[in-house]
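Trainee: Top to bottom, those sequences are chains A and B.
Going by this note's numbering, the letters in the first sequence line up with residues 33 to 181, in that order.
Going by this note's numbering, the letters in the second sequence line up with residues 2 to 181, in that order.
Glycine included, C-beta positions come from ideal geometry on N, C-alpha and C.
For reference, the structure I am asking about is given below.
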Amino acid sequence: MSWMNRQEDKAGKLQERGVEAVDVELEQAMKNFRLSMHAWSDAALSRPRTASQTLRRRSWRLAVGWALGCVLVAGSVSGGLFERQQQIELRQTADRQRAAEHDRQLQEQQARAQVTDEALLAGVDSDVSRQVPSAMEPLAQMMADDETK
Amino acid sequence: MPTAEEIAAEEFSRVVERHRPQIFRFLLSSTRDVDLAETLTQECFLKAHRNWGSFRGDSSAMTWLMRIAINLQKDHWRNRRMQFWRTTRTNSVDLDEASEWLPSGESSLEQQLLARERVKQVWTAVKGLSERQRTVFLLRYVEEQELSEIAAATGLSEGTVKAHLSRAVGRVRLELGGKR
Chain A
33 MSWMNRQEDK AGKLQERGVE AVDVELEQAM KNFRLSMHAW SDAALSRPRT ASQTLRRRSW
93 RLAVGWALGC VLVAGSVSGG LFERQQQIEL RQTADRQRAA EHDRQLQEQQ ARAQVTDEAL
153 LAGVDSDVSR QVPSAMEPLA QMMADDETK
Chain B
2 MPTAEEIAAE EFSRVVERHR PQIFRFLLSS TRDVDLAETL TQECFLKAHR NWGSFRGDSS
62 AMTWLMRIAI NLQKDHWRNR RMQFWRTTRT NSVDLDEASE WLPSGESSLE QQLLARERVK
122 QVWTAVKGLS ERQRTVFLLR YVEEQELSEI AAATGLSEGT VKAHLSRAVG RVRLELGGKR
């Protein structure tokens, strides 16, 4: 029993020592952290200023931004113009095609009407010639003979 | 005979001269970005100058300035989160570079390397802390402020400050203990 107690005490002491070691280490680490932060801050405060470099970097970015903006605007404007021109051309082509179609239809209609008139006249001629009575034919021939005499 | 305005200006310039390094250091440790820390420090003193007339002296000038600096830093991170479409590149130095500033003193090279490694581990732990925990931790262990001063600067109660500090130290301890 006493052996077990001794072991427990030993383990407890070791654990305490471990915690103490970590705490000492922690304290030292915190101190070093503070010292490094102070050194860095002092160095940064006393460093030469680089305002011109920053300005140059910013102006470079600004120029790139402007250039990109201009390209975008020019692209969209020219794209719009091209699109509009295309639409106008398409509309003109369609108009021309429609006018040509209309002319063709008109010509066809006129041609059809002419053909119909000629056919009608031919029909009338043939009808009139057929209506001469065959009984009058000898008389008509005699009259023609007298005229020759 | 100097006017009241001239006296106030003189007084303010003394305050700037006295507290600028501390404000800058706090902002530098919070952001790890020298340019950003400088910008925020300038903004802090500009804001302080505008409101210098309304400073009643209820707290010390340092506490008042630190409160402004903490708010500026918070606003900065909030704006960055909101403007997520903007460039994500930051000028924050990495942990290795931040740990390189340890004064060599009279220790051996081996001790210096070990100390640098420990400082890096502290930085790693600090990086993983929440914004409040980090602020409280830096004010306590870098600026060596009292709990009451930290509470006044952050607007938290002393109990809350203690709780944040305890969690932050626990995290650092874990980082130091775990990497052994």
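Quick check on Ala70/B - is its C-beta less than 8 Å from some C-beta in chain A?
Mentor: no
Trainee: Under 8 Å by Cβ, that's how I've got Val143/B and Ile151/B pegged, so tell me the actual separation to the nearest angstrom.
Mentor: About 12 Å separates the two Cβ atoms, so there is no contact after all.
Trainee: Comparing C-alpha positions only, which one of Trp124/B, Ser167/B, Phe56/B sits nearest to Leu29/B?
Mentor: Here the closest residue by C-alpha is Trp124/B.
Trainee: Would Ala95/A count as contacting chain B if we go by Cβ distances under 8 Å?
Mentor: no
Trainee: Examine chain A for any beta-carbon lying closer than 8 Å to the beta-carbon of Trp102/B, and answer yes or no.
Mentor: yes
Trainee: Measure from the alpha carbon of Lys48/B to the alpha carbon of each residue in Arg68/B, Arg141/B, Phe138/B, Arg26/B, then state which is nearest.
Mentor: Arg68/B
Trainee: Would DSSP call Glu7/B helix, strand or coil?
Mentor: helix
Trainee: Pairs of beta-carbons, one from the segment 27–42 of chain B and one from the segment 53–70 of chain B, closer than 8 Å: are there three or more?
Mentor: yes
Trainee: Using a Cβ-Cβ distance cut-off of 8 Å, determine whether Val17/B contacts chain A.
Mentor: no
Trainee: Using a Cβ-Cβ cut-off of less than 9 Å, list which residues of the segment 113–124 of chain B approach chain A; keep chain order.
Mentor: Ala116, Arg117, Arg119, Val120, Gln122, Val123, Trp124
Trainee: Which residues of chain B have a Cβ atom closer than 9 Å to the Cβ of Leu100/A, listed in chain order?
Mentor: Here the premise fails: no neighbours, minimum Cβ distance about 14 Å.
Trainee: What in chain A is Cβ-close to Leu29/B, meaning under 8 Å?
Mentor: Met69, Trp72, Ser73, Ala76
Trainee: Leaving out five residues before and five after Val156/A in sequence, what residues of the same chain have Cβ atoms less than 6 Å from its Cβ?
Mentor: none
Trainee: Once the 5 residues before and after Leu140/B are set aside, which same chain residues still bring their CB inside 8 Å of it?
Mentor: Phe27, Met67, Gln146, Glu150, Ile151, Ala154, Thr155
Trainee: To the nearest angstrom, report how far apart Arg15/B and Glu159/B are at their CA atoms.
Mentor: 30 Å
Trainee: What would DSSP say about Thr89/B, mapped onto helix, strand or coil?
Mentor: In this prediction, Thr89/B has a pLDDT of 48, which is less than 50 and means its spatial position is unreliable; nothing more can be read from the coordinates.
Trainee: With 16 as the cutoff for other CB atoms within 10 Å, does Asp177/A come out buried or exposed?
Mentor: exposed
Trainee: Taking C-beta pairs closer than 8 Å, name the residues in chain A that Phe25/B reaches, listed in chain order.
Mentor: Ser73, Ala76, Leu77
Trainee: Going by other Cβ atoms of all chains shown within 10 Å of its Cβ, with 16 needed for buried, is Ser78/A buried or exposed?
Mentor: Exposed, by the Cβ-count rule.
Trainee: Just verifying my parser: in three-state terms, what is the DSSP assignment at Asn72/B?
Mentor: helix
Trainee: I need the DSSP call for Arg185/B, collapsed to helix, strand or coil.
Mentor: This structure leaves residue 185/B out entirely; chain B is present only between 2 and 181.
Trainee: Nearest CA to the CA of Asp95/B: which residue from Asn52/B, Lys121/B, Ala38/B?
Mentor: Lys121/B
Trainee: State the start and end residues of the unbroken alpha helix (DSSP H) segment that holds Ser149/B.
Mentor: Note, Ser149/B: alpha helix (DSSP H), 148–155.
Trainee: Which value, in whole angstroms, describes the spacing of the CA atoms of Asp76/B and Thr40/B?
Mentor: 13 Å
Trainee: In whole angstroms, what separates the C-alpha of Gln113/B from that of Ala126/B?
Mentor: When rounded, the distance between both Cα atoms is 20 Å.
Trainee: Cβ of Trp53/B within 8 Å of Cβ of Phe25/B?
Mentor: Result no, Cβ atoms of Trp53/B and Phe25/B do not sit closer than 8 Å.
Trainee: Please report whether the beta-carbon of Thr89/B lies at a distance below 8 Å from any beta-carbon of chain A.
Mentor: Residue placement at Thr89/B cannot be trusted, given a pLDDT of 48 that sits under 50; what the coordinates show is reported in the next sentence. No, because no Cβ of chain A sits closer than 8 Å to the Cβ of Thr89/B.
Trainee: Got a sec: does the ligand SAH put a non-hydrogen atom nearer than 7 Å to the Cβ of His165/B?
Mentor: Here there are no bound small molecules, and the ligand SAH is not part of this structure.
Trainee: Put Asp59/B into one of helix, strand or coil per three-state DSSP.
Mentor: coil
Trainee: So, is the C-beta of Pro3/B closer than 8 Å to a C-beta in chain A?
Mentor: Closer than 8 Å: no.
Trainee: Under 9 Å Cβ-Cβ, which residues of chain C neighbour Leu104/A?
Mentor: No chain C appears in this structure, whose protein chains are A and B.
Trainee: I want to verify the contact list: residues of chain A whose CB lies under 8 Å from the CB of Leu110/B, in sequence order.
Mentor: Result: empty, since nearest Cβ-Cβ is about 15 Å, beyond 8 Å.
Trainee: Distance check for Ser158/A and Gln142/A, CA to CA, integer angstroms please.
Mentor: 25 Å
Trainee: Using DSSP with H/G/I as helix, E/B as strand and the rest coil, what is Leu103/B?
Mentor: coil
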